[in-house]
Structure formats: structure tokens, C-alpha cells
Amino acid sequence: MFFSVVIPTYNRRPILEKCLKALECQQLIRNSAVAGYEVVVVDDGSSDRTLEWLAEHSDEFPHVRTFSQNHQGPAAARNLGVEKAAGDTIIFIDSDLVVTETFLQAHADALVQGTQEFDRVFTYGRVINTCNFDNPTSEPYKLTDFSAAYFATGNVAISRQWLEKAGLFDTRFQLYGWEDLELGVRLKQLGLKLIKCPDAVGYHWHPPFSLSQLPNLIDKEIQRGRMGVLFYQKHPTWEVRMMIQMTGLHRLLWGILSLGGTLNERTMAAFLQWLIDQGKPQLALEIARIFLNWYNVKGVYAAYAEAQHKQ
324 MFFSVVIPTY
334 NRRPILEKCL
344 KALECQQLIR
354 NSAVAGYEVV
364 VVDDGSSDRT
374 LEWLAEHSDE
384 FPHVRTFSQN
394 HQGPAAARNL
404 GVEKAAGDTI
414 IFIDSDLVVT
424 ETFLQAHADA
434 LVQGTQEFDR
444 VFTYGRVINT
454 CNFDNPTSEP
464 YKLTDFSAAY
474 FATGNVAISR
484 QWLEKAGLFD
494 TRFQLYGWED
504 LELGVRLKQL
514 GLKLIKCPDA
524 VGYHWHPPFS
534 LSQLPNLIDK
544 EIQRGRMGVL
554 FYQKHPTWEV
564 RMMIQMTGLH
574 RLLWGILSLG
584 GTLNERTMAA
594 FLQWLIDQGK
604 PQLALEIARI
614 FLNWYNVKGV
624 YAAYAEAQHK
634 Q
């Protein structure tokens, strides 16, 4: 198999450098099922000189090919990456993911083993969240890193033929969220089997939580709500309603926990800042998720009401 690692990126040049350097250090065993690999970087209209920097350092990244588009979101960027890819097998990762040296080999081993039992498989690697920029791969696995997602593009390998048969990503998902899980629904309808691949490890870097991030995080939750409604319109099932939190249970749960929105970015600011000052930014973020989820639920129902009104 020939791997094409498809990476959409948007204004993430510093961590993208670490991402690409890790991919240049891959160790493949003798007689590996991997005949070769390339890294397809699709710049989604960055303004941080990502493309210029890649051109200036092209000799450091012999596996990398670059493409660009106007800012249209990760769904369109990944579709362009698949279109331009030379490989028969696509690996999707994000541009803020730093992988281990055995990452590609681990995916290959799992795919080979999986196809001995099933004819339609894809592999899903492990993603460990970290805010350690200098040494991201030093972060241990944590309970909060667990994911029950069927198909998520943070760390997944799949035969190109199944992506094309499913129809690739829906480019209407231009805001934050759900474009990969929606494609996952279509892949599941084709009968693809998920093979967990914990040895294919990627470390997902994000800056330590600070109060200055809250406006952007709130906006993302509102966007995720709008895209969740699009997801539900395409697949109007109870499973999708649960995924996007468009149920009375979610409305009740996050309403109670946030005291009807009384606990929010303003009223909890002092407490969150205290936790950050105590060296516990991750705990502060987890607590902030109480009102962030309330914003998401409100965003879902607002977008759904708007969609119903337009019909």
C-alpha cells in the first residue's frame, strides 16, 4: 500500500512544523506493507505565510507536496487533498498533531490484520491531548483522551476507494464541527468495520487554556450547533440527535449544571483564573465546558428553529 497523509491547515505554522518533522522521521520495518508515503498539505487560505515557509524549507520535507485554496474549511481542504493524493490509502490527521516514529507502520499493520477478517475496514489511532509545545510526545494518555467516535479525522487510515464511494466530505460543513462524523455515517452505511489502532499515536497540541480563549471557544460551540443541525437534516435519526445534543435530556442536563446559564464566562471568570494561577489550566477548561456545552445546546436549538422557519 502507498500512504497519502492528508493534512488541512489554517494559520498553524509553528505546530505544523513539528507535525511535518515527525512525519519525516517514520520508521518502516523491512518488508513493510507500506511501499512508500507522501504528505499532502492543503493550505486553507492561511495568512501566516504557511505556503511561503514550506517553499523556503522544502528540502527539509522531501515527502511533502503542497496545495492551496481560498478559505473554505477543512471539509473542502480534505477533499482537495484526496483529489491530489497519489496513494491508494489515505491517512487523515490534523496539522496540530505530532505523531510517533512508528505511526505509519502501526496503521499498516492494523489494516493488514483487519483485512484478513473483513473486506471493508479502516483504522483509528489514538489521540493524546497535550499543551506541551516543546515536547508534545511526553504527555501520558489520560481518561479524558478517550474517544468513542466511529470516524474522526484526527488520526484515521482508510482505503481511498471507500472515501470515493461514500462521496468524500460534504463541503456545506464550512463552520466548525461534524464534517468527519457525518462522513462516518455514510461509511457505516457501506458496511465498513472500525479497527482500533492504539499503537498509531498522535499528540494533539493546543495552547494552555486561558480566559482570553473563551470568546473563540463560545463561538465554536455556536458554530458546532449550526453544523449539528445540518448533520441532523442529512441523517434525521435518534443517534445523530444524541451526538449533536439536540434532546430534552441534554437541554435539562446542561441547563441544570449551568444554572440556566447563570454560570458563564463572566460569573466564573475569577474562579477559572484562580485554577489557572494554581497551575491547573486543564481542570479550568473542563469546568468551563459546563457553560460551553450550554452554549452548544442553545446554538443547536436556535439553528433548528431557524431551519424549521425557512421550510
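So the sequence shown is numbered by the working numbering: it starts at 324 and just counts up by one.
Glycine included, each C-beta is placed from N, C-alpha and C at the ideal position.
Compare the beta carbon distance of Gly525 and Val422 with 8 Å and say whether it is the shorter of the two.
Contact: yes.
Ser391 vs Cys342 beta-carbon contact at 8 Å:
It is not a contact, given that the beta carbons lie outside the stated cut-off.
Could you pull out every residue in the same chain whose Cβ sits closer than 6 Å to the Cβ of Asn393, ignoring the five residues on either side in sequence?
Correct list, in chain order: Gly368.
Decide if Glu544 is buried, meaning its Cβ has at least 16 other Cβ atoms within 10 Å, or exposed.
By the 10 Å Cβ count, Glu544 comes out buried.
Residues that DSSP places opposite Leu420 in a beta bridge:
Checking the DSSP bridge columns, you'll see Leu420 partnered with His527.
Cα-Cα separation between Gly602 and Asn458, rounded to whole angstroms
Cα to Cα, the separation comes out at about 18 Å.
What do you get for Asn539, buried or exposed, if any count of 16 or more other CB atoms within 10 angstroms of its CB means buried?
Answer is exposed; the Cβ neighbour count stays below 16.
When burial is assigned at 16 or more other CB atoms within 10 Å of the CB, is Ile579 buried or exposed?
Looking at its Cβ environment, which holds fewer than 16 other Cβ atoms inside 10 Å, Ile579 is exposed.
In the DSSP assignment, find the unbroken alpha helix (DSSP H) run with Asp503 in it and report its ends.
It spans Glu502 to Gln512 - the alpha helix (DSSP H) in which Asp503 sits, taken as one unbroken run.
Would you decide whether Leu513 is buried or exposed? Buried here means 16 or more other CB atoms lie within 10 Å of its CB.
Residue environment for Leu513: exposed (fewer than 16 other C-beta atoms within 10 angstroms of its C-beta).
Are the CB atoms of Lys511 and Tyr473 nearer to each other than 8 Å?
Between Lys511 and Tyr473, the gap from beta carbon to beta carbon is short of 8 Å.
Report the three-state DSSP secondary structure of Arg449 (helix, strand or coil).
Strand.
Extent of the continuous beta strand (DSSP E) to which Asn539 belongs:
Taken as a continuous stretch (DSSP letters only), Asn539 belongs to no beta strand (DSSP E), being part of the alpha helix (DSSP H) at Leu537 to Lys557.
Considering only residues of the same chain and omitting the five flanking positions on each side of Arg336, which have a CB-CB separation below 8 Å?
So the qualifying residues of the chain are Ser369, Asp371, Arg372, Thr373 and Trp376.
Closest to Asp542 by CA distance: which of Phe594, Gly359, Val623 and Thr476 is it?
Shortest Cα-Cα distance from Asp542 to any of Phe594, Gly359, Val623 and Thr476 involves Val623.
Please give me, in chain order, every unbroken run of the alpha helix (DSSP H) with length at least 4 that falls completely inside the stretch 560–631.
Taking only runs of at least 4 residues, the alpha helix (DSSP H) segments lying wholly in the stretch 560–631 are 561–566, 571–580 and 592–600.
Under 8 Å by Cβ, that's how I've got Gly396 and Gln497 pegged, so tell me the actual separation to the nearest angstrom.
Right, the Cβ-Cβ distance comes to about 4 Å (below 8 Å), so this counts as a contact.
Using a threshold of 8 Å, state whether the C-beta atoms of Ile352 and Gly437 are closer than that.
Going by beta carbons, Ile352 and Gly437 fall outside the 8 Å limit.
Alpha helix (DSSP H) runs contained entirely in the stretch 382–439, provided each spans 4 or more residues
Runs found: 397–407 and 426–438.
Looking only at DSSP bridge pairs, what is Ile481 linked to?
Answer is Ile413 and Phe445, bridged to Ile481.
May I have the straight-line CA-CA distance separating Trp561 from Cys520, to the nearest angstrom?
If you take the alpha carbons of Trp561 and Cys520, they lie about 28 Å apart.
Which stretch, first to last residue, makes up the beta strand (DSSP E) that contains Lys332?
At residue 332 the sequence reads Thr, which differs from the Lys that was named. Its beta strand (DSSP E) spans residues Phe325 to Thr332.
Which of the three DSSP states, helix, strand or coil, is assigned to Glu347?
The answer is coil: DSSP assigns Glu347 none of H, G, I, E or B.
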